[in-house]
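K.L.:
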Amino acid sequence: MNQPVIEINNLNFTYERTKVLEDINLTVEQGSFLGLVGPNGSGKTTLLKCLLGLLKPQNGEVKLFGQPIQKFKNWHEVGFVSQKANSFNTGFPASVFEVVSSGLTSKLGLFTFLGKKDRQTVLNAIEAVGLKEFTKRNIGELSGGQQQRAFIARAIVSEPKLLILDEPTVGVDAQTVQNFYEMLMKLNRQMGITLILVTHDVGTITDKVTHVACINKHLHFHGKSEEFESLKEDEMSDFYGHSVHVLTHSH
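Heads up, the final residue of the sequence shown is numbered 251 in full-length UniProt numbering, and it's a clean run with no missing numbers.
#1: Using a threshold of 9 Å, state whether the C-beta atoms of valine 28 and histidine 211 are closer than that.
#2: Do asparagine 9 and lysine 63 have their C-beta atoms closer together than 9 Å?
#3: Just the Cα atoms here: how many angstroms apart are leucine 123 and valine 209?
#4: Residues in its own chain within less than 7 Å of asparagine 86 by CB, not counting five upstream and five downstream?
#5: Kindly list the residues whose CB is nearer than 8 Å to the CB of alanine 213, restricted to its own chain and excluding five residues on each side of it in sequence; keep chain order.
#6: With DSSP collapsed to three states, give me the class of leucine 104.
#7: By the DSSP assignment, the alpha helix (DSSP H) with isoleucine 24 in it spans what residues?
#8: Between the C-alpha atoms of glutamate 97 and lysine 73, what's the straight-line distance to the nearest angstrom?
#9: For histidine 197, which residues of its own chain have a beta-carbon under 6 Å away from its beta-carbon, when the five flanking residues on both sides are left out?
#10: Would DSSP call residue 266 helix, strand or coil?
#11: Write down every uninterrupted run of the beta strand (DSSP E) in the segment 32-76 whose length is 3 residues or greater and which is fully enclosed by it, in chain order.
#12: Any idea what DSSP makes of valine 212, helix, strand or coil?
#13: Closer than 7 Å by C-beta to glutamate 22: which residues in its own chain qualify, once you throw out the five before and the five after it? Chain order, please.
#14: Within 10 angstroms of its Cβ, does glycine 145 collect 16 or more other Cβ (buried), or is it exposed?
#15: Note down, in chain order, each residue of its chain lying with its Cβ closer than 7 Å to the Cβ of cysteine 50, except the 5 sequence neighbours on either side.
#16: List the endpoints of the continuous beta strand (DSSP E) containing residue 257.
#17: For the beta strand (DSSP E) containing aspartate 207, list its first residue and its last residue.
#18: Residues bridged to aspartate 118 by DSSP?
#19: Taking the Cβ atom as the reference point for each residue, do valine 100 and leucine 163 lie within a distance shorter than 9 Å?
#20: Considering only their Cβ atoms, is the gap separating valine 157 from glycine 103 smaller than 9 Å?
#21: Runs of 4 residues minimum, wholly inside the segment 159-200: which ones carry the alpha helix (DSSP H) assignment?
#22: Output yes or no for whether 9 Å exceeds the beta carbon distance between isoleucine 152 and glycine 43.
#23: Based on DSSP bridge pairs, tell me the residues matched to leucine 219.
#24: So, glycine 66 versus glutamine 3, is the Cβ gap smaller than 9 Å?
#25: Alpha carbon to alpha carbon, what distance is there between lysine 116 and aspartate 207?
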């Protein structure tokens, strides 16, 4: 049996006096594509920060690739893409190639000259997200969806085993969202990258992901996507704390 990529045991997190996460137990197997869903303020982002070692839970344990997160050192094996990096200065004079190659810093170190093999790795990452023809284009000239693809290429260029995406389609026009999800499926199925996708787009992702976890302070559901689709609306409403209508989109 493969070692789980992520193991979360009895995790609790409190901001000041507000308990955000309570008794979270979650295991993510290698090769999974997990959709992490839940209402605003449900603790999804807090959970991601615990996974990335940015927050320390008051109780519980987080393991990455079998190692307690306090001892985990191989961060190049973990890629992260936030909501369209609004803090990213798209006017900065950098090409797509330069932006993507910056993702090798954690692996190669700062001010390291890219050898032939490294340059090819960058080109492969750009091609994997469908931006080959934009390799030399300034990042600021790309559409919002294309920029997010470039950020994903930057995240996968170090060849991570785990890729975490926090609401990656925010600001992406509706016409490109479907292609965007299909690209993520390709990264998961063909490249074998374990994915965790935080999203509010419940109906759209259920036929893309392999598993779904629903969090609202507690972990209310964790199972295969088809099991999630079979939930009744009143069960979903209990999870979310308000009325929820799930519309699935099969293609």
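Backbone N, C-alpha and C fix where the C-beta goes; we use that ideal spot for every residue, glycine too. Model, not experiment: these values are computed from the prediction.
P.N.:
This is what the structure holds:
#1: yes
#2: yes
#3: Roughly 27 Å separates the two Cα atoms.
#4: Confidence is the limiting factor: at asparagine 86 the pLDDT is only 47, short of 50, which leaves the residue's position unreliable and the question unanswerable from this model.
#5: Leu26, Leu34, Gly35, Leu36, Val37, Leu219, Phe221 and His222
#6: Helix at leucine 104.
#7: Segment 18-28 is the beta strand (DSSP E) holding isoleucine 24; no alpha helix (DSSP H) there.
#8: As written in the sequence, residue 97 is phenylalanine, which differs from the glutamate given in the question. So the alpha carbons of these two residues sit roughly 27 Å apart.
#9: Reading the sequence as shown, one finds leucine at residue 197 and not histidine. Only Gly35 and Leu165 meet the Cβ criterion.
#10: Past the edges of the chain, shown from 1 to 251, lies residue 266, and the structure says nothing about it.
#11: 33-37 and 59-64
#12: strand
#13: Asn12, Lys217 and His218
#14: buried
#15: Leu11, Phe13, Pro57 and Val62
#16: Since the displayed the chain opens at 1 and closes at 251, residue 257 lies outside it and no answer follows.
#17: Careful: aspartate 207 lies outside any beta strand (DSSP E) and carries neither H nor E.
#18: DSSP lists no partner for aspartate 118.
#19: The criterion of a C-beta distance shorter than 9 Å is not satisfied by valine 100 and leucine 163.
#20: yes
#21: Annotation: the segment 159-200 contains the following complete segments of the alpha helix (DSSP H) (minimum length 4 residues), in chain order: 174-189.
#22: no
#23: Ile215
#24: Yes, the pair counts as a contact, with Cβ atoms nearer than the cut-off.
#25: 39 Å
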